[in-house]
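A.B. asks: Start counting the sequence shown at 1; every next residue gets the next number (full-length UniProt numbering). Just so it is clear, CB atoms sit at the ideal spot from N, CA and C, and this is done for glycine as well. Since the structure is predicted, the reported quantities are computational estimates derived from the model, not experimental observations. Just dropping this structure here.
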Amino acid sequence: MAPRTSGTAKKAAARPPAKKAAAKKPAAKSAAARPPARKAAAARPAPAPSPTGGLYRMVRATWLGIAHGVGAVFRGIGRGARGLDPAHRKDGLALLLLGVTLVVAAGTWSNLDGPVGDLVALLVTGAFGRLDLLVPFLVGAVAVRLMRHPEQPEANGRIVIGLSALVLGVLGLIDIGCGAPTRADGAQALRNAGGLIGWAAGAPLHYTVGSVLAAALLLLITVFGLLVVTATPVNAIPQRLRAAGARVGLYAPPPDPEAVPLEDFFDEDTDPASSRSAADGDDSPVRRVSARPATPRVGRGADLDPYDMERDGEGSSAMGGTGQGEQDKPRRRSRKRAEPATAARGDDLGLDPVDVAAAAAAALDGAVLHGVQPSPLVADLTSKLKKPVPAARADDTGAQDTAGTGSVPDLTKPAAASGAEPPLPPRAEQLQLSGDITYALPSLDLLERGGPGRTRSAANDAVVASLTQVFKEFKVDAVVTGFTRGPTVTRYEVELGAAVKVERITALAKNIAYSVASPDVRIISPIPGKSAVGIEIPNSDREMVNVGDLLRSADAAGEDHPMTVALGKDVEGGYVVANLTKMPHILVAGATGSGKSSCINCLITSVMCRATPDEVRMVLVDPKRVELTAYEGIPHLITPIITNPKRAAEALQWVVREMDLRYDDLAAYGFRHIDDFNAAVRSGKAKTPEGSERELTPYPYLLVIVDELADLMMVAPRDVEDSIVRITQLARAAGIHLVLATQRPSVDVVTGLIKANVPSRLAFATSSLADSRVILDQPGAEKLIGKGDGLFLPMGANKPIRMQGAFVTEDEIAKVVEHCKAQLTPTYRSDVTVGSGPKKEIDEEIGDDLDLLCQAAELVVSTQFGSTSMLQRKLRVGFAKAGRLMDLMESRGIVGPSEGSKARDVLVKGDELDGVLAVIRGDAPS
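Structure representation (C-alpha cells):
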C-alpha cells in the first residue's frame, strides 16, 4: 500500500506544475525560441558591401524626389482645374488629343528625329505594326468628335468599346496574314505585321484553333466593332445601306411611289427606330412631340447604348423584358402619326421617298426639339408637301396604355390621342404702331439653344435597384414600374400590391433617402391620374433649361397670345408654358438663391420676344434697385422703373384708377372683356358718340411686376394691400395682370386678403415649412433643392407641378433689350407715380397712428369724455398707446391738460368734428 500511496501522491503533486507550465507555454515559446533564432541569424556571415550601393540609393532618392515633385505640381494643377467650366475641360482634352495627333503623325509619317521620334516609333509602331500610319487619323477623329459633340459624353463608352474591338480584330487579321510571327522572330518582325496588339490578338487563336478559324473569329470581332461604333444593329444594316446608296445617288426610287401605301415606307423591316425598339425590347409609349418628337432617323445611326440620349423620344427598358408584337404595332402607328406624311407625295416633287422622309424628320426635329431653323432645302421640301398627316386610330391610346403597364417601365409620357400634331403656326403678325413705324419682334436666334434632354442614365438604374432593395428589406409588396426623368429630378413610379397601404411607402421616406444617398426625397401619394405612388429624387447630373428652347417649342409656337410666357420644364421633360391672362395673377416666392429672380427675368424676356408695345405695356417695381435695371428704356414700359417704395404704392393706386377707367368703357360699350372691346375697336364696330373728340384705340394688356413685395408692405402696408386686393379682384377682365415676387413669404407680407385673390402660385425653395404653407397652403417647398427647382400651382389645380425653372443669361437679356430699344423709344405717362389728388400734409408726429388718432378723436368728441382708460377699452390698445393718443389730441386742442385721475375736458363740440378730422388727415385747405 505504501508504494501505491506514494505513486498517487506523486501524481497529485505533479498536476499543479503541469497546469502552470501550460499557462506559461506561449510566453516560454516567445522567450526561449526567438533569441536562438536571432543568434543564428547574427552568426551567419554578412554579405560583402556593394561598391555601387551608395550611388544606387542616391539615384533612387533623386528619381523619387523628382517624381514626387512632378506629382505635386500636377495635383495642384488638377485642384485648380476643378473651377473650370466642364466645356473648357472637354475642349482642353480635345486640343491635347490634337497635339498628340500632330506628334504621332510627325513620328510615323516623316521619321521624326530625336527622343520624341524614337519614343513614337517604340510605342506606336511597336504596338500597331503596319497600321501605325492610321493612328493619327484615329486619334484626330476622337478629338474632333469631342469638340463637335461635347454634349454626348454617354456615347464615349460605346465608341471606345467599338474602336477597341475594331482595332483588335484588324490587327489580329494582319498578324495572321503576315504569317503569325512570334516573339522569337524579333521585334522588327512584329512591327512588320500587326505589332504587339496584333500578336496578342492573333497568336493565341492561331495556336489553338488554326489560322483559318482564327481569321474568321477575328473578322467577327472586326464587324462587331464596326457595328458598335456606327450604332447599327444587325437587322438595320439593309436600311443603312439603302440610305447610304440614296445619299450618293445609287438607290433608285420605286416606279410608282403613289401606289405604295405609307406604311410600307416605314414598316418594321425598314424603320430603324422600330428595329432598334425590337432589338432592345423597348415597349414604352412615345413621348409627346412638345418634349421629344418621335420621328425616325433616316441615314443616322441608332444608338446601341441604352444610356445614350434618345433623339426620337423613345426610352429604353430599365427593368429588362421584351415587348410583345401586338403591343409594338400600336406604338409604331403612334410614331407614324407624329411624323409628317410626306413620303407618299414624293413623286410630286420628283424626289426620293427616303430623302423626303429624312427632310421631314429633320424639319420637325429642328423646329420642335432643338429650335434650329431648317435649311432652305428642308423648308422647300416641307412647304410643298400638301398631303395632311393621317389621324390617329382610336385604339392607339389603349394599346399604348397596355404597353405602359407591362413589365417594362414607362420611361416616357404617353402620346396625345388627338391625332397628328398640328404644324407650327407662323409668328404673330407684326403690328403697325402709330405713324409709319413697323415694330419687328426680336429674333429667337438671340437666345441660346440647349441640348436635348436625357431620358435615362446609369444613375436612374442604380436608384431603381436601391428602391427595390429597400422594399425587399422592409417586406413591402411594391414594384418600381418605371420613371420619368426631368432636368432636375426623376419621378419613379411605384405600384403597390394588394392590401398594401400607401402610408407604408410614405413612412419609408428617410430610409429611401438613406438608400439613394440624397436628403431631398419627395413622395407623391398618389400621382394624380395614376394608380401609383411617385418618388421624386434629384438627379446627380442636372440639366440647364434655356428660355430659348421653351419659346421655340411647339407649345409656345401654338399659342399666339402675346402674354404667353416660358416657365420651365416639368418632371416628365415637358415644357411648362403659361398664359398670364388665364392665371390671371401669380405669386412667385422663394428664399434667396432659389431662382425667383431668374423666373422674373424669363417672364419679362418672354413678353419682349412675343409682344409689341401696343399689345403689352409693363410697370416694373424694383425696390432693390439692381434686379430689373437691365430693362430700363425698353418701349414696353409705361413709366420708368420704380425703385422708391412710396412711389410704388402710388403706381398701384394709378393701376386701380386705370382699371376703373377701362371698366367705364366696357360698361359704356356693352362688353365684358377687354379682348372683345379691342376687337370691336379694330373692326370699327365700337364708335364714339357724335360730338366727342375722343379717338378710340385698343387697350394694351397691362402687366405689373413687383420684384419685392416685402419692401412695399414695410413702407405703406395698408395702401399697398388695398390696391393689390382691388387689382386682383377686378382687373382680369380689364386686361391688367399682377406678378408679385418676394423672398420673405411670411404672413405679414403675403396676407390672407392677398392670398385669397391671387390664385396661381409658384414656390421655389423655402427655408421652412411655414413659408411653404404660406405660399402653397401645403408643405413641399421646403424640400426643394434650389437653383430653379420649383412647385407651380396654377389656378384650378389640386396639386402643384414640380418643374425646373428656365434660365436666361445677362447677355441674352442685353441682346433682346438692345433690339427692342433700337425699334422704338419708350413713351412714358407722367401720372403713374403721382397721387390722385393734392398731397396731404400729415404731421410727422402722427406717423402710422393716423387711423387710430381719427378714431380716438371721433370717440372723445362724440362722447365728450376724455378718458385714457376709455380709449384702452374701446380701441383695444395698451396704456402707452392710449396715453400717446391723448397727448396728440391735447397738442391739437381737442382735449385739455391732465388733471390727475379725473377725465380731461373736451374742448371741441360735436359739430366741429369734421373740421378737426380734416386737420388731422391733412385735408384742410392751407
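Terminal residues of the continuous beta strand (DSSP E) containing Tyr-701?
C.D. replies: The residue given as residue 701 occupies position 701 in the sequence shown. Segment 701-706, the beta strand (DSSP E) holding Tyr-701.
A.B. asks: Is Ile-586 closer than 8 Å to Val-758 when the C-beta atoms are compared?
C.D. replies: Within the sequence shown, the letter at position 758 stands for residue 758. Within the sequence shown, the letter at position 586 stands for residue 586. Yes; because the gap between Cβ atoms is below 8 Å, this pair is in contact.
A.B. asks: Output needed for Leu-98: all residues of its chain with C-beta closer than 6 Å, excluding positions within five of it in sequence on either side, in chain order.
C.D. replies: Position 98 of the sequence shown holds residue 98. Excluding residues within five positions, the ones whose Cβ falls inside 6 Å are Ala-143.
A.B. asks: Within the same chain, show all residues whose beta-carbon is closer than 7 Å to that of Leu-226, passing over the 5 residues directly before and after it, in chain order.
C.D. replies: For this step, residue 226 is matched to residue 226 along the sequence shown. Around Leu-226: Leu-166.
A.B. asks: Can you tell me whether Asn-798 is buried or exposed? The criterion is at least 16 other CB atoms within 10 Å of its CB, across all chains shown.
C.D. replies: Position 798 of the sequence shown holds residue 798. Per the 10 Å Cβ criterion, exposed.
A.B. asks: Among Val-750, Ala-733, Val-739 and Asp-665, which one has its Cα closest to the Cα of Met-713?
C.D. replies: The sequence position of residue 713 within the sequence shown is 713, counting from 1. Ranking Val-750, Ala-733, Val-739 and Asp-665 by Cα distance to Met-713 puts Val-750 first.
A.B. asks: Assuming Pro-745 contacts Thr-766 under a Cβ cut-off of 8 Å, what Cβ separation, rounded to an integer in Å, is found between them?
C.D. replies: As a first step, residue 745 is located in the sequence shown; it is residue number 745 there, counting from the start. As a first step, residue 766 is located in the sequence shown; it is residue number 766 there, counting from the start. That belief holds up - the Cβ atoms of Pro-745 and Thr-766 are roughly 7 Å apart, short of 8 Å.
A.B. asks: Note down, in chain order, each residue of its chain lying with its Cβ closer than 6 Å to the Cβ of Ile-523, except the 5 sequence neighbours on either side.
C.D. replies: Residue mapping note: residue 523 aligns to position 523 of the sequence shown, counting from 1. For Ile-523, where only same-chain residues beyond five positions count, the Cβ hits under 6 Å are Thr-506, Ala-509 and Ile-535.
A.B. asks: With a floor of 4 residues, list each alpha helix (DSSP H) that falls wholly inside the segment 761-838, ordered by position along the chain.
C.D. replies: If we require 4 residues or more, the alpha helix (DSSP H) runs fully inside the segment 761-838 come out as 769-776 and 810-823.
A.B. asks: How about Ala-903 and Phe-865: do their beta carbons lie closer than 8 Å?
C.D. replies: If you number the sequence shown from 1, residue 903 lands on position 903. If you number the sequence shown from 1, residue 865 lands on position 865. Yes, they are a contact pair.
A.B. asks: Relative to the alpha-carbon of Ala-763, which residue among Leu-776, Ala-756, Ile-754 and Ala-770 has its alpha-carbon at the smallest distance?
C.D. replies: Residue mapping note: residue 763 aligns to position 763 of the sequence shown, counting from 1. When only C-alpha atoms are compared, the closest one is Leu-776.
A.B. asks: Report, in whole angstroms, the separation of the C-beta atoms of Leu-219 and Glu-812, which I expect to be a contact under 8 Å.
C.D. replies: Translated into positions along the sequence shown, residue 219 becomes position 219. Translated into positions along the sequence shown, residue 812 becomes position 812. Not really, about 53 Å apart at Cβ, beyond 8 Å.
A.B. asks: Verify whether the separation of the beta carbon atoms of Asp-720 and Leu-652 is less than 8 Å.
C.D. replies: As a working note, residue 720 is residue 720 in the sequence shown. As a working note, residue 652 is residue 652 in the sequence shown. At residue 720 the sequence reads Val, which differs from the Asp that was named. Yes. Within cutoff.
A.B. asks: List the whole-angstrom C-beta distance separating Leu-133 from Thr-108, where the pair is believed to meet the contact cut-off of C-beta under 8 Å.
C.D. replies: As a position in the sequence shown, residue 133 is number 133, starting the count at 1. As a position in the sequence shown, residue 108 is number 108, starting the count at 1. 6 Å between Cβ atoms; contact.
A.B. asks: On the criterion of 16 or more Cβ atoms from any shown chain inside 10 Å, does Lys-530 qualify as buried, or is it exposed?
C.D. replies: The residue you call residue 530 lines up with position 530 of the sequence shown. When all chains shown are included, Lys-530 counts as exposed.
A.B. asks: Confirm the yes/no value for this check: CB of Leu-213, any heavy atom of the ligand NAD, distance under 7 Å.
C.D. replies: No copy of the ligand NAD occurs in the structure displayed, which carries no ligand at all.
A.B. asks: Assign Asn-111 to one of two classes, buried (16 or more other C-beta atoms within 10 Å of its C-beta) or exposed (fewer than that).
C.D. replies: Working through the sequence shown from its first residue, we reach residue 111 at position 111. By the 10 Å Cβ count, Asn-111 comes out exposed.
A.B. asks: Please list, in chain order, all residues of the same chain as His-68 whose beta carbon is under 8 Å from its beta carbon, the five residues on each side excluded.
C.D. replies: Taking the sequence shown and counting its residues from 1, one reaches residue 68 at position 68. Here the set comprises nothing.
A.B. asks: Between which two residues does the beta strand (DSSP E) harbouring Glu-493 extend?
C.D. replies: The residue labelled residue 493 in the question sits at position 493 within the sequence shown. Start and end: 489-496.
A.B. asks: Taking Leu-93 as the reference, which of Gln-743, Gly-129, Gly-140 and Tyr-514 has the closest Cα?
C.D. replies: Sequence index remark: in the sequence shown, residue 93 carries index 93 (1-based). With distances taken between Cα atoms, Leu-93 lies closest to Gly-140.
A.B. asks: Give me the Cα-Cα distance between Met-563 and Glu-818, rounded to the nearest whole angstrom.
C.D. replies: Here residue 563 refers to the residue found at position 563 of the sequence shown. Here residue 818 refers to the residue found at position 818 of the sequence shown. The straight-line gap from Cα to Cα measures roughly 21 Å.
A.B. asks: Which term fits Pro-238, buried or exposed, when burial requires 16 or more other beta carbons within 10 angstroms of its beta carbon?
C.D. replies: Numbered from 1 along the sequence shown, position 238 holds the residue referred to as residue 238. That one is exposed.
A.B. asks: Which partner residues does Met-618 have in the DSSP bridge list?
C.D. replies: Indexing the sequence shown from 1 puts residue 618 at position 618. Answer by DSSP bridge pairing, in chain order: Leu-637 and Leu-703.
A.B. asks: Please name the residue in Glu-810, Gly-162 and Leu-217 whose C-alpha comes closest to that of Ala-630.
C.D. replies: In the sequence shown, residue 630 corresponds to position 630, counting from 1. Ala-630 has its Cα closest to that of Glu-810, out of Glu-810, Gly-162 and Leu-217.
A.B. asks: Cutting at 7 Å between CB atoms, please list the residues of its own chain near Pro-826, excluding the five before and the five after it.
C.D. replies: Taking the sequence shown and counting its residues from 1, the one referred to as residue 826 is at position 826. Excluding positions up to five away in sequence, the list reads Gly-633, Ile-634, Pro-635 and Leu-637.
A.B. asks: For Glu-650, which three-state DSSP category applies?
C.D. replies: Your numbering for residue 650 matches position 650 in the sequence shown. Looking at Glu-650 - three-state DSSP - the assignment turns out to be helix.
A.B. asks: How far does the alpha helix (DSSP H) with Asn-460 in it reach, from first residue to last?
C.D. replies: Along the sequence shown, read from residue 1 onward, the residue named residue 460 stands at position 460. Taken as a continuous stretch (DSSP letters only), the alpha helix (DSSP H) holding Asn-460 covers 458-473.
A.B. asks: Leu-550 lies in the alpha helix (DSSP H); which residues open and close that run?
C.D. replies: Against the sequence shown, residue 550 aligns to sequence position 550. 547-552 is the span of the alpha helix (DSSP H), which, as asked, contains Leu-550.
A.B. asks: What do you get for Glu-543, buried or exposed, if any count of 16 or more other CB atoms within 10 angstroms of its CB means buried?
C.D. replies: By 1-based counting over the sequence shown, the position of residue 543 is 543. Glu-543 is buried by the Cβ-count criterion.
A.B. asks: So, are the CB atoms of Val-704 and Val-655 less than 8 Å apart?
C.D. replies: The residue labelled residue 704 in the question sits at position 704 within the sequence shown. The residue labelled residue 655 in the question sits at position 655 within the sequence shown. Yes, these two residues count as a Cβ contact at 8 Å.
A.B. asks: Cutting at 6 Å between CB atoms, please list the residues of its own chain near Ile-197, excluding the five before and the five after it.
C.D. replies: The residue given as residue 197 occupies position 197 in the sequence shown. Counting only Cβ-Cβ distances below 6 Å, and skipping sequence neighbours, we find Ala-127 and Leu-171.
A.B. asks: As an exercise, report each continuous alpha helix (DSSP H) stretch of at least 4 residues that is fully enclosed by the segment 87-150, in chain order.
C.D. replies: Counting whole runs of 4 or more residues, the segment 87-150 contains the alpha helix (DSSP H) stretches 115-120 and 135-148.
A.B. asks: Give a yes or no on whether the C-beta atoms belonging to Cys-609 and Val-816 are separated by under 8 Å.
C.D. replies: One-based indexing of the sequence shown puts residue 609 at position 609. One-based indexing of the sequence shown puts residue 816 at position 816. A contact, by the Cβ cut-off of 8 Å.
A.B. asks: Which stretch, first to last residue, makes up the alpha helix (DSSP H) that contains Val-861?
C.D. replies: Locating residue 861 in the sequence shown gives position 861, where the first residue counts as 1. Note, Val-861: alpha helix (DSSP H), 850-863.
A.B. asks: Spatial neighbours of Val-895 within its chain, please: CB distance less than 7 Å, with the 5 preceding and 5 following residues excluded, ordered by chain position.
C.D. replies: Reading the sequence shown from its first residue, position 895 is the one you call residue 895. Answer for Val-895: Val-860, Gly-866, Met-886, Met-889, Arg-904, Asp-905, Val-906 and Leu-907, listed in chain order.
A.B. asks: With burial defined as no fewer than 16 other Cβ atoms inside 10 Å of the residue's Cβ, what is the status of Asp-555: buried or exposed?
C.D. replies: One-based indexing of the sequence shown puts residue 555 at position 555. It counts as buried.
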